[in-house]
Structures are given as C-alpha cells and as structure tokens.
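Working notes, beginning with the structure itself.
Number of protein chains: 2
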Amino acid sequence: MRAVAVVGIGKTAFGAFADRDLRSLAVEAGLACLADANVSPSKVEAFYLGNFAGPSFVGQNHLAPYIAGAMGVEHVPCTRFEAACASSGSAFFHAVASVAAGMYDLVLVGGVEKMTSQTTPKVTEILAGAGDMMGEGRAGATFPALFAMIARRHMHQYGTTREQLAAVAVKNHANGAKNPQAHMRKIITMEQALNGKPISEPLTVYDCSLISDGAAAVLICPLERASEFTSKPVVVKGIAQTSDHVALDEKDDITTFRAVKEAAQKAYKMAGITAADVQFAELHDCFTIAEIVATEDLGFVEKGSGGPYVLEGRTCLHGARPINSSGGLKSKGHPVGATGVAQICDVVLQIRGDAGERQVARHDLGLAQNLGGSGATAVVTILGAA
Amino acid sequence: MRAVAVVGIGKTAFGAFADRDLRSLAVEAGLACLADANVSPSKVEAFYLGNFAGPSFVGQNHLAPYIAGAMGVEHVPCTRFEAACASSGSAFFHAVASVAAGMYDLVLVGGVEKMTSQTTPKVTEILAGAGDMMGEGRAGATFPALFAMIARRHMHQYGTTREQLAAVAVKNHANGAKNPQAHMRKIITMEQALNGKPISEPLTVYDCSLISDGAAAVLICPLERASEFTSKPVVVKGIAQTSDHVALDEKDDITTFRAVKEAAQKAYKMAGITAADVQFAELHDCFTIAEIVATEDLGFVEKGSGGPYVLEGRTCLHGARPINSSGGLKSKGHPVGATGVAQICDVVLQIRGDAGERQVARHDLGLAQNLGGSGATAVVTILGAA
C-alpha cells in the first residue's frame, strides 16, 4: 500500500443559502479544491462523492456524474457514497484506499448537502431515515430524541452534567466565531446555552448542530507525487471505517459508540500512534453529548470523563488538545453529506498552519471523526505533516 | 492486482411482494449467497451495497449497516453505493477493485430495491431523480419519455423499426418464462408487443421494464482462495465503470451511450478480449431500445444494426449470442438497486452451467452491462470460467 497525501482542499461557506442549488455548491467546492492544487478537472481519475439525502432534500439523485459533469470531470468512475452523516467520511475512506492500492493517482473527493430548502420538521423526518424507521421512526424517535436518551444515560451512568454538555456548545461557538466560513459566527455564554429552548430533554437548541447548506472537497494522490501539486502535503497516516447496528435498542451500551472505538483502534494501529499522540481533532458534535462520548471512545480520556474534560477547558482553542477549532457541526454547520470531507479540510488547514485566528499551537498530527446516525457508521482519519 | 473470483451467488425472486420489507429481501439474498459459498457472516470483511432510492421508496436510509447488522455481518466497513440503476453494478466494481488491490479477501456485495409500496406515478417521479431534475424533470420528461426520444432518434437515424423494438420484448419474455425467479413469466407475441398500451410514443407498455421488489448478492474473493468456497469459481476477467453527463441535452449523440462504449473498451482491454469473444450477455434493457443501443455500443454489431440483429433472432436463447437469457429487466424484473448484482448472478449461473431450462450453449465467457439513468453511469463486467 502506498502512502496517500491530501494535496488540495476546497470548501464553500456553510449556511442557509436560498439562492443556491446543491450542484452549484458542490461544483464551487470541487473547483476551489482543484485550484488549490493547480490541477485541471481533466486530470482527475475518479470522483468519490458523499451525499446523505439529496433525493429527499432536493429531489435529485445520481449525484456523482451530475456534479462531475458540471465540473468538467469526465470519462472516469463517478460514485456516490451514502452512510448517513458519515457519507463523505466514507467516500474519503474508499478513495484513500483506492489510491493506496494503486488503482488511481489523482482522486477528487467531495461532500455536499442542501438542507434548508425544506422546513425543519421535514428535515427532521429526512434525518430520521438514518435511524431505524421500522422501530425508532415508528415510535417517533427523531435524532434529537435518540441523542437525548444517550445523554440521559451518560448522565445517569457517569454523572455527566448539563453544564458539561453546554461547555461543548460554548467552546465550539467561540471557535466558530473565528471561522469566516462558519454558519453561525456567534459567541454564546454558558448561561445562554443552559437556558436554550428545550428540544428534547436534556438537550436544548444549543446542544444541537445546525441545519446547513454547504460543500467541501479534497484532492488526494500518492505521497510520492504530492510535490507536483503543493508545497504543504498532508499525509493520511491512518484511516478506518467500521459499522454497528443502526437501532439504539440493538446496542449493548448506548453511552459508547462501538464503531468509533473500533475504527480508532484500527486507525491508530495503521498510523503507529496512540490516542495520546493526537494533538488536535475535529469530532462529530452533531449533539453536544456526541463530542463528549467521542473524546472517550477515541481514548482521549477514560470512559465517563468526557464531561469534566471539556468543562475544564482542556479542549478549547488554546487547551492541551483543541477539539473542533473549526467550530464543529455546532457552529460551523452540518450540511450532512459535506461534514466528513469538511473535517478533513479543517484538519489539513491546521496542519498546513493556515488556520488564521483559530490556528492551534501544536498542529503536526490531527484526527477527524465522522459519525453516521447514532453510531452505525464511523470513520476515523489521522492526518499528519509530511 | 490479484485475480478476483465470484464464489457465491444469491437472489430473491423478483416481483411485487406486499408482505415483504426492503431489509428482509436484502437479508434473504445475502444469506442465500453466503450459504451458496458455505461462509458464515462473521467471515465477511466488507459489505458493499447497491441501492438507488430506499429513502424515497420506503423512507429508510443508511442501508448498508442496517442490512449488514441483520445478517450478522459486523465490525467491518459497510457502505451504500448509489448510481441510479447502476447502483449495484457500481458497488460490485468498487468491491472487485478492493479485493484485486489486496484490501480484503472476502467481500459481500448486495443490491436491493423495494419499489411496489409506491404508486406507479410516484415510482415514476422517484425514478426521474436519476435524470436532471432541474432540466428534464422540470420539463416533465420522465424516463419513458427520455428513452422514447432515444428510440425516435435511433429510428430516424438508422431506420430502426417498431418490430425490432418489439422483438426485444418478445425474446426477453420468452426467456423470462423459463426463469422461476422472474417477475413476469409470460410469453408474449409480436402482435401483443406491437399493440401494447402506449406509454410514450413509440414505446408501449411492452417496451418498458417492470417495477419490482427484489434483492441479489454475490460473494467475491481472490481467485487463489476460490477453491475454499466453491468447485465452480467464476473469474472477473475485466471490469470498468465510467460516466457521462446526466442530461440528454448535454450529450453529443443520444443514439449512443458514450459511457458504455468507454467502459466496454476498458473491460475488453483488461480481459484481453474483443467484443467478438463474448458468448452471451446480460444487458440493461430498461427499455427495449436500450438493449438495441447496448448491442451496438458494446461492439456486438455495427452502429445502427442493433435492430436487425435482434429481429433476426441472433440474440435469442439458442441464437449465436444469447442476450438476457434471464429474461432481462423486461421480464425478470427491475428492482433498480438489485439489477447490477442480479446480472452478475445470472452470468455466473450460466458459466457454472446451472441455468437449467434457459442454459445457453456456449457459456465460458459472458458479459454484464449495467446502465444508470439515461447513460450517465455504465458498468461493464466480463466473467469467465476459471
């Protein structure tokens, strides 16, 4: 297997864009990415696209050739990957594997979602399709409800508090305020976060990520060719995708995401590192509790200690291990299918040292964790300076 | 790259099954496939699933782990691929590449669609999402209309006749009548086919494939390990996926599918053969004209001669090169996401010599061609005896 490098990144702003359609967002991100690597579309050998629910959100399916054709990427395999909120993380996993295996040299990986053309109740219904519709869905358990159950159980089992959940939101909003491409650039106080409108007890509106439009793209190639495209290549040191049951009631323990733990162990092994070596991370904070659980499942802290870890400020921008310096899904926004690749972009930006106001101090080795549904898909990627 | 073999196949019957849900169909096919190779689910190293529009047809997304979990395939990457009607052809392409590259040894590839729980107008609307909804869709051009335009142009340019189109339907129904798993086991006459209810001129109901429920699965591994699982391994001699524009009006010539031509050339080159060597084929007859165009694009006949080719009986079960001995999408049925893998199953069955009443005479080298939308995705696979 060959070492694989990220040699180009591109993102649209995340937000609610009434005047933009799905394809134009994906094309903007893709072309920005190719421009970043100074590569013409005709050189791309395969296009991997992550999209969760374009057909349901905007009525358009068959999205990979639809977007590729509009970018001038032609005559090559163009494929859409769907793995709920981990759709583009999964696309990236498969793309990296294909380059590592020597199938292609130059692969463009995109992620896109256009969500805001639907009402919030409709968006919630579409998102519920990432859970078990015959069980959870029939019972009316939408995603805020599922993650509220996870939060309640975590509180019961480990003493996690509302303040600790809120600390995730406060931190991520503070980071997102520094990110010019973030959806909600708004600093919030602990008091605000605690007194947010209730969504599903114990989660308030400040515990939930945003409904956003947006796209992201990365260009990958074998490390040995990286210097043709960039002076700052970033290496994929480790990557793994794994799965678990979709329905919460089929899991042994809902306070942990088994797939995340397994993917992390595989990725650490591939990279030859341990959790302690990870300097910063972009984690899948679809809900505040999800970031807390992720810090535990990734081995950053002991099981049950994720709450104190964030409340003590250890994961803030200038803490020992900054988490979601981009603002995370909470403040940067969560256009579902774009999130996995957007995380890769944000980690690459930090490793390059180009993150501006939100640059973290130690930025040689970063991790991205992308979660599908309530944990049925997990992709963990470790990226490092070349 | 390692040689890859198909060592297990499994299919549900295709039909309209009011009492079956999507997951149970996929699980039935997957477990039948594993049983065929005498492999336990826990040995599967990755699950690749093709599904076009589960979220739109039945409201369930995140289908790969959803189905895998119910089969006992756990702790491994489970990924859904969507490429319109070529969804499971694409999943198979990516799975074969991953085994060829040495990433995994034992990969299960599934395809599934559950369509009949929606009304025909709603199905037609969902299928339209495989075309360009901002252009074709807005103009009301559903798939029968798009393929009617292709047929009209082919008639105009090459003198193709209604009789030649109807000959595809007559042949495929005759074959499907011999297939116990086919959706519509009904022999039709040329007169019936010509006088079918008009759908979109010049296409009648007999020119259109069926709206079906069903699932299919294949198990692949490196050829060097095939004997552990079967006494009749079938080798993937060549395979390619490629893309074209989604919208018909963006194509130079609508009487040909550029992506099919390109994929075929790549697959022939990989297999070290020419079109003349292909003994039999399963082609994507979503509409009768599509089979005629495919025989031309694959190089079985000169451009424009696909009509006479079928009318002369050259592609019937005991003709020189039998096409769609399974009954094709026309009679076997077309559960969209299952079709690509079902074609592989049918070619493998022939190569094994296990096709019973519909067994073709020369069965050492077969081809499967899976088409997405009106040609924006094409997957061509060449399979042969080991």
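Sequence lines, in order, name chains A and B.
First residue of the first sequence: 85, per my numbering; consecutive thereafter.
First residue of the second sequence: 85, per my numbering; consecutive thereafter.
Note that the Cβ used here is the ideal one computed from N, Cα and C, for glycine as well.
Exercise for the section: Give the straight-line distance between the Cα atoms of Y242 of chain B and H368 of chain B, rounded to the nearest whole angstrom. Expected result: As a first step, residue 242 of chain B is located in the second sequence; it is residue number 158 there, counting from the start. As a first step, residue 368 of chain B is located in the second sequence; it is residue number 284 there, counting from the start. Rounded to whole angstroms, Y242 of chain B to H368 of chain B spans 21 Å at the Cα level.
Handout entry: Selection from A:T423, A:C162, A:V90 that minimises the alpha carbon distance to S293 of chain A
Key = The residue given as residue 293 of chain A occupies position 209 in the first sequence. For S293 of chain A, the closest C-alpha among the options A:T423, A:C162, A:V90 is that of A:T423.
Handout entry: Nearest to A460 of chain B (by Cα), restricted to the options A:A148, A:S124, A:K95
Key = Sequence index remark: in the second sequence, residue 460 of chain B carries index 376 (1-based). It is A:A148 whose Cα lies nearest to the Cα of A460 of chain B.
Problem - According to DSSP, residues forming a beta bridge with F98 of chain A - result: Translated into the one-based positions of the first sequence, residue 98 of chain A becomes position 14. F98 of chain A pairs with nothing; no bridge assigned.
Exercise for the section: Mark V183 of chain A as exposed unless 16 or more other C-beta atoms lie within 10 angstroms of its C-beta, in which case mark it buried. Expected result: On the first sequence, residue 183 of chain A is found 99 positions in, with the first residue counted as 1. Buried, because 16 or more other Cβ atoms sit within 10 Å of the Cβ of V183 of chain A.
Problem - P264 of chain A burial status per 10 Å Cβ neighbour count (16 or more: buried) - result: In the first sequence, the residue the question calls residue 264 of chain A occupies position 180. Exposed, by the Cβ-count rule.
Handout entry: Where L407 of chain B sits in the DSSP three-state scheme
Key = Counting from 1 along the second sequence, the entry for residue 407 of chain B is found at position 323. The question names Leu, but residue 407 of chain B in the sequence shown is Ile. If DSSP states are grouped into helix, strand and coil, I407 of chain B belongs with the strands.
Handout entry: Assumed close pair A348 of chain A, L382 of chain A - CB separation to whole angstroms, cut-off 8 Å
Key = For the purposes of this step, residue 348 of chain A is taken as residue 264 along the first sequence, with counting starting at 1. For the purposes of this step, residue 382 of chain A is taken as residue 298 along the first sequence, with counting starting at 1. At roughly 5 Å, the Cβ-Cβ gap stays under 8 Å, so A348 of chain A and L382 of chain A are in contact.
Handout entry: Per-residue DSSP class, three states only, for Y290 of chain B
Key = Locating residue 290 of chain B in the second sequence gives position 206, counting from the first residue. Residue state, collapsed to three classes: helix.
Practice task
Find the residues of chain A that neighbour H368 of chain B, judging by a C-beta separation of less than 7 Å, and give them in chain order.
Solution key: Here residue 368 of chain B corresponds to residue number 284 of the second sequence, with the count starting at 1. In chain order: nothing, as chain A lies at least about 14 Å away.
Problem - Local Cβ density within 10 Å of R107 of chain B, reported as buried at 16 or more and exposed below that - result: Reading the second sequence from its first residue, position 23 is the one you call residue 107 of chain B. Under this definition R107 of chain B is a buried residue.
Handout entry: the stretch 299-316 of chain B touching the stretch 439-453 of chain B, judged by at least three CB pairs closer than 8 Å
Key = The stretch 299-316 of chain B and the stretch 439-453 of chain B do not touch, with fewer than 3 CB-CB distances between them shorter than 8 Å.
Exercise for the section: Check the Cβ of G38 of chain A against every Cβ in chain B and list those closer than 8 Å, keeping chain order. Expected result: Since the displayed chain A opens at 85 and closes at 470, residue 38 of chain A lies outside it and no answer follows.
Exercise for the section: Using alpha carbons as the reference points, say which of B:M268, B:G298, B:G457 lies closest to L332 of chain B. Expected result: Numbered from its first residue, the second sequence carries residue 332 of chain B at position 248. Considering only alpha carbons, the answer is B:G457.
Handout entry: F176 of chain B, DSSP secondary structure in three states
Key = As a first step, residue 176 of chain B must be located in the second sequence, where it is residue number 92. Helix, per DSSP.
Exercise for the section: Taking only beta carbons into account, state which residues of the stretch 163-178 of chain A come closer than 8 Å to chain B, listed in chain order. Expected result: Cβ contacts with chain B come from T163, R164, F165, E166, A167, A168, S174, F177, H178.
Problem - Contacts around G412 of chain A, its chain only, beta-carbon distance under 6 Å, and the 5 residues preceding and following it disregarded - result: Counted from its first residue, the first sequence places residue 412 of chain A at position 328. Once the five neighbours on either side are set aside, the close Cβ partners of G412 of chain A are N256, D369.
Problem - Nearest neighbour of V123 of chain B, chosen from B:A100, B:G219, B:G94 [CA to CA] - result: By 1-based counting over the second sequence, the position of residue 123 of chain B is 39. Among B:A100, B:G219, B:G94, the Cα nearest to that of V123 of chain B belongs to B:G94.
Handout entry: Contiguous alpha helix (DSSP H) assignments of at least 4 residues, all confined to the stretch 244-275 of chain B
Key = Entirely contained in the stretch 244-275 of chain B, the alpha helix (DSSP H) runs reaching 4 residues are, in chain order, 246-260.
Exercise for the section: Evaluate T399 of chain A with the Cβ neighbour count: other Cβ atoms within 10 Å of its Cβ, from every protein chain shown; 16 or more gives buried, anything less gives exposed. Expected result: Locating residue 399 of chain A in the first sequence gives position 315, counting from the first residue. T399 of chain A comes out buried.
Problem - Chain-ordered chain B contacts of G456 of chain A [CB-CB under 7 Å] - result: In the first sequence, counting from the first residue as 1, residue 456 of chain A sits at position 372. What G456 of chain A touches in chain B: H146.
Practice task
Give every residue of the same chain whose Cβ lies closer than 6 Å to the Cβ of I466 of chain B, excluding the five residues on either side of it in the sequence, and list them in chain order.
Solution key: Within the second sequence, residue 466 of chain B is the residue found at index 382, counting from 1. In the same chain as I466 of chain B, and ignoring 5 residues on each side of it, the C-beta atoms closer than 6 Å to its own belong to K321, G322, A351, A355, L451, in chain order.
Practice task
Classify A225 of chain A as helix, strand or coil using the three-state DSSP reduction.
Solution key: Along the first sequence, read from residue 1 onward, the residue named residue 225 of chain A stands at position 141. A225 of chain A carries a coil assignment under DSSP once its states are collapsed to helix, strand and coil.
Problem - Where P392 of chain A falls: helix, strand or coil (DSSP) - result: As a working note, residue 392 of chain A is residue 308 in the first sequence. Assigned with DSSP and collapsed to three states, P392 of chain A falls in helix.
Handout entry: Sufficient close CB pairs (3 or more, under 8 Å) joining the stretch 422-439 of chain A to the stretch 111-120 of chain B
Key = With the rule of 3 Cβ pairs closer than 8 Å, the stretch 422-439 of chain A does not count as touching the stretch 111-120 of chain B.
Practice task
Give, in chain order, every residue of the stretch 320-332 of chain B whose Cβ lies closer than 9 Å to some Cβ of chain A.
Solution key: From the stretch 320-332 of chain B, only A324, Q325, T326, S327, D328, H329, V330, A331 have a Cβ closer than 9 Å to chain A.
Handout entry: Interface residues of the stretch 176-209 of chain A facing chain B [CB-CB below 9 Å]
Key = With the criterion set as a beta carbon lying under 9 Å from some beta carbon of chain B, the members of the stretch 176-209 of chain A are F177, H178, A181, S182, A184, A185, G186, M187, E209, in sequence order.
Exercise for the section: Check the Cβ of F136 of chain B against every Cβ in chain A and list those closer than 8 Å, keeping chain order. Expected result: Counted from its first residue, the second sequence places residue 136 of chain B at position 52. Within chain A, the residues whose beta carbon sits less than 8 Å from that of F136 of chain B are N145, listed in sequence order.
Problem - Contacting residues, own chain, Cβ-Cβ under 6 Å from S415 of chain B (five flanking each side not counted) - result: Numbered from 1 along the second sequence, position 331 holds the residue referred to as residue 415 of chain B. Excluding positions up to five away in sequence, the list reads N256, H257, G260, A266, M268.
Practice task
Pick out the complete alpha helix (DSSP H) segments inside the stretch 305-364 of chain A, 4 residues or longer, and give them in chain order.
Solution key: Runs of the alpha helix (DSSP H) lying entirely within the stretch 305-364 of chain A and spanning at least 4 residues, in chain order: 342-355.
Practice task
Classify N135 of chain B as buried or exposed, calling it buried when 16 or more other Cβ atoms lie within 10 Å of its own Cβ.
Solution key: Counting from one through the second sequence, the residue named residue 135 of chain B turns up at place 51. Burial state of N135 of chain B is buried, judged by a 10 Å Cβ sphere holding 16 or more other Cβ atoms.
Practice task
Mind the definition here: the stretch 150-159 of chain B touches the stretch 324-339 of chain A only if three or more C-beta pairs lie below 8 Å; say whether that holds.
Solution key: Counting Cβ pairs under 8 Å, three or more are found: they touch.
Exercise for the section: Over the uninterrupted beta strand (DSSP E) stretch that includes I283 of chain B, give me the two end residues. Expected result: Locating residue 283 of chain B in the second sequence gives position 199, counting from the first residue. Taken as a continuous stretch (DSSP letters only), the beta strand (DSSP E) holding I283 of chain B covers 282-284.
Problem - Buried or exposed (CB count within 10 angstroms, at least 16 for buried), N279 of chain B - result: The residue labelled residue 279 of chain B in the question sits at position 195 within the second sequence. Counting of Cβ neighbours within 10 angstroms places N279 of chain B among the exposed residues, the total staying below 16.
Exercise for the section: Tell whether a beta-carbon distance below 8 Å holds between T314 of chain B and S174 of chain A. Expected result: Translated into the one-based positions of the second sequence, residue 314 of chain B becomes position 230. Translated into the one-based positions of the first sequence, residue 174 of chain A becomes position 90. No.
Problem - S410 of chain A: contacting residues in chain B (beta-carbon distance under 9 Å) - result: Taking the first sequence and counting its residues from 1, the one referred to as residue 410 of chain A is at position 326. Listed along chain B, no residue sits closer than 9 Å to S410 of chain A by beta-carbon distance, the nearest being about 25 Å off.
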